[in-house]
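The next block holds one structure in the form of structure tokens; read it before the comments.
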Amino acid sequence: MSDKKVRVRFAPSPTGGLHLGGVRTALFNYLFAKQNNGDFVLRIEDTDQSRYVEGAEQYIIDCLNWCGITPDESPVDPGQYAPYRQSERKSLYRQYAEQLVMQGHAYYAFDTAEELEKNRKEIPNFQYGQVYRDGLRNSLSLPQHEVDQLLANHTPHVIRIKVPADQTVGFTDMIRGRVSFETNQVDDKVLLKADGMPTYHLAVVVDDYLMKISHAFRGEEWLPSAPVHLLLWEYLGWKAEMPQWAHLPLILKPDGHGKLSKRDGARLGFPVFALDWEGSQGFNGMGFLPEAFINFLAMLGWNDGSGHEIFTLTELVDKFSIDRINKAGARFDFEKAKWFNAEWIKKAKAESLKAKVKEVLTDKGIDVKDDAYLITVIDLIKDRCTLLTDFYQQASYFFQIPAEYDLNAVKPKWSDEKTAFFNEFISILNKQEDFTSANIEAEFKLLMEQKSLKPGDVMLPFRIMLVGGKFGPHVFDIATLLGRDETINRIEQALAAFTV
RNA sequence: GGCCCGUUCGUCUAGGGGUUAGGACAGGAGAUUUUCAUUCUUCAAACAGGGGUUCGAUUCCCCUACGGGCUACCA
15 MSDKKVRVRF APSPTGGLHL GGVRTALFNY LFAKQNNGDF VLRIEDTDQS RYVEGAEQYI
75 IDCLNWCGIT PDESPVDPGQ YAPYRQSERK SLYRQYAEQL VMQGHAYYAF DTAEELEKNR
135 KEIPNFQYGQ VYRDGLRNSL SLPQHEVDQL LANHTPHVIR IKVPADQTVG FTDMIRGRVS
195 FETNQVDDKV LLKADGMPTY HLAVVVDDYL MKISHAFRGE EWLPSAPVHL LLWEYLGWKA
255 EMPQWAHLPL ILKPDGHGKL SKRDGARLGF PVFALDWEGS QGFNGMGFLP EAFINFLAML
315 GWNDGSGHEI FTLTELVDKF SIDRINKAGA RFDFEKAKWF NAEWIKKAKA ESLKAKVKEV
375 LTDKGIDVKD DAYLITVIDL IKDRCTLLTD FYQQASYFFQ IPAEYDLNAV KPKWSDEKTA
435 FFNEFISILN KQEDFTSANI EAEFKLLMEQ KSLKPGDVML PFRIMLVGGK FGPHVFDIAT
495 LLGRDETINR IEQALAAFTV
């Protein structure tokens, strides 16, 4: 690999969209490529057209872009090895499949789906391989003239790899080390389907070779099919150029058993997609910062050993190392994901949050006119927001009078003295020259003492008058920001509501 | 069933032949803030089991158990 440029490919299937595991694979691919000044290639795996979802391809690109990952080569930005959609490379695959047949490493199989179904049902541990292939309808078992006849008649058929007997094939995984398989356990996988499309097995080998891929990261679920790929690299005569593989640990369900699936999101109330997809809300829509999303995804199965957990994409590129990727699957923890987001919001400058917060507020019908005012508000409240959507609850009262008050917190203990206090406070505010937080607070406390009231008697009511509830930053800071007129207005409105 | 991969607090993990087995999230308690958060302090919480190897194994090896993945003309 030293004399070869690093080229890493990410090959998502557009049939199911991009979920958590997919984005993480993309991320690790990207980190490794960038760290080695290599290329990050996006190849779209649409071999099964029947399951293709309209718009999926653009969705994948949007997801990567949202995460800050830009492919060096992709269907929209092709490089010298274009095209990058498998469906557009269809003609390439047949010749290699036929070549394998010619060399005796593959064969034509004419069995129908029903016949195979029947065998699988009736024969325990049936697999299309060396044990049963002679009794099935293929170019190995049938006489040559019959095979020629079937082919001439365009009888539907597939091309299968002929897996050899009694061999051990193995490779060194970048994460797991030596992994090996007995060929006797491997079945004759289909390489070319009856419709002429390649299966993943053929396509991935041919494309990785033609696109000069040097390293390939994929999910652990692919490990069992590695021997087929190994054999293919060997039979095609490209063994020396086979990429190095890394099989990533799976992301598991937060509860119960198995790998994380789309249904888990709906069931447990968290996103499994980066962006909204097929009617389910993504991390973006739920109020996650892409920086936080990437950060927490990277830490799911990897760490730099320092104990640090907050990293930017750039830092990740710098620190990333394959040997620090874990072997075991990681359970997805939404609480931890939210913690990452809260950390990123706290860390962010108000200015960089502005556009996103504005969008959240606008969606809720709040018209933000003054950007400088918004910046001040964001600085005041961002430490108490976990998701971007929290900015609505935390900021709305800076822009509109509370729609309702937490009356339970004030009404039971309300008294005429308190009404008098606030009426008097209004007239003080009217006369006050400097409407600063400190001044208002001083006046408030002075009046409080004159009236022999305790802070507990009037501080909370004042907050509820301005905010509507028991939350938010220092109440006098809020009053200053609202301004004299609005503060007085809110006291008056609330007084009316409290004394009904 | 067969094959492959894995196994440290509830979760994500650090560590690695001799450690009080460390951190983070979540949880408990407290301080600060006369709101809610933030922040800070603090508590509880783990090496799957059995055999080896060794003066000594959580760490290395084997077995078992458990978990996961694959076993399609899906990826």
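Under the working numbering, the first residue of the first sequence carries the number 15, and numbering increases by one thereafter.
Cβ atoms here follow ideal geometry from the backbone N, Cα and C, with glycine treated the same way.
These numbers were taken from a predicted model, which means no experiment stands behind them.
Query: Please report the residue range of the beta strand (DSSP E) in which L205 lies.; Result: 204-206
Query: What is the residue span of the alpha helix (DSSP H) that E196 lies within?; Result: Taken as a continuous stretch (DSSP letters only), E196 belongs to no alpha helix (DSSP H), being part of the beta strand (DSSP E) at 191-196.
Query: Apart from the five residues on each side of it in sequence, which residues of its chain come closer than 8 Å, Cβ to Cβ, to Y95?; Result: V55, E87, L224, M225, K226
Query: Go to R504, then tell me how far its alpha helix (DSSP H) extends in each direction, as first and last residue.; Result: 498-512
Query: State the CB to CB distance for the pair D262 and F231, rounded to an integer number of angstroms; the pair is presumed to be in contact (CB under 8 Å).; Result: It is worth fixing the name first, because residue 262 is Leu in this sequence and not Asp. Going by Cβ atoms, the distance from L262 to F231 rounds to 6 Å, so yes, they are a contact pair.
Query: Compute the Euclidean distance between the alpha carbons of A342 and G233, then round it to the nearest angstrom.; Result: 12 Å
Query: I'd like the list of long-range same chain contacts for E115, defined as Cβ closer than 7 Å, with 5 residues on each side in sequence excluded.; Result: As written in the sequence, residue 115 is Val, which differs from the Glu given in the question. If we look at V115 and ignore the five residues flanking it on each side, its Cβ neighbours are Y121, Y122, I173.
Query: So, do the segment 368-388 and the segment 415-424 have three or more beta carbon pairs nearer to each other than 8 Å?; Result: no
Query: Identify the continuous beta strand (DSSP E) that holds G470 and give its terminal residues.; Result: Counting along the chain, G470 falls outside any beta strand (DSSP E), though it belongs to the alpha helix (DSSP H) covering 469-481.
Query: Of the residues H488, V514, L480, which one's Cα is nearest the Cα of E551?; Result: Residue numbering for the chain in the displayed model covers 15 to 514; residue 551 lies beyond these limits and cannot be assessed.
Query: What span of residues does the beta strand (DSSP E) with R174 cover, start to end?; Result: 172-175
Query: Measure the alpha-carbon distance for D337 versus I189 and round it to whole angstroms.; Result: 6 Å
Query: Who does F231 pair with in a DSSP beta bridge?; Result: A260
Query: Put K226 into one of helix, strand or coil per three-state DSSP.; Result: coil
Query: Give me the Cα-Cα distance between Q144 and E71, rounded to the nearest whole angstrom.; Result: 39 Å
Query: In the segment 53-101, which residue ranges form an unbroken beta strand (DSSP E) of at least 3 residues, counting only runs that do not cross its ends?; Result: 53-56
Query: Could you work out which residue in L41, E438, L421 is closest to L474 when comparing CA atoms only?; Result: L421
Query: Could you tell me if E235 is buried or exposed, where buried requires 16 or more neighbouring beta carbons within 10 angstroms of its beta carbon?; Result: exposed
Query: For M15, which residues from the same chain have a beta carbon less than 8 Å from its beta carbon, with the 5 sequence-adjacent residues on both sides left out?; Result: Its pLDDT being 44, under 50, M15 is placed unreliably in this model, and the value from its coordinates should be taken loosely. Excluding residues within five positions, the ones whose Cβ falls inside 8 Å are S228, H229, Q258.
Query: Using DSSP's beta-bridge definition, name the partner residues of V22.; Result: F54, H229
Query: Can you list, in chain order, the residues of its chain with a C-beta nearer than 6 Å to that of F302? Leave out the 5 residues immediately preceding and following it.; Result: N355
Query: Rounded to whole angstroms, what's the CA-CA distance from K48 to T61? Just pull it up for me.; Result: 28 Å
Query: Since I believe K273 is in contact with L264 (beta carbons under 8 Å), could you give me their beta-carbon distance rounded to a whole number of angstroms?; Result: 5 Å
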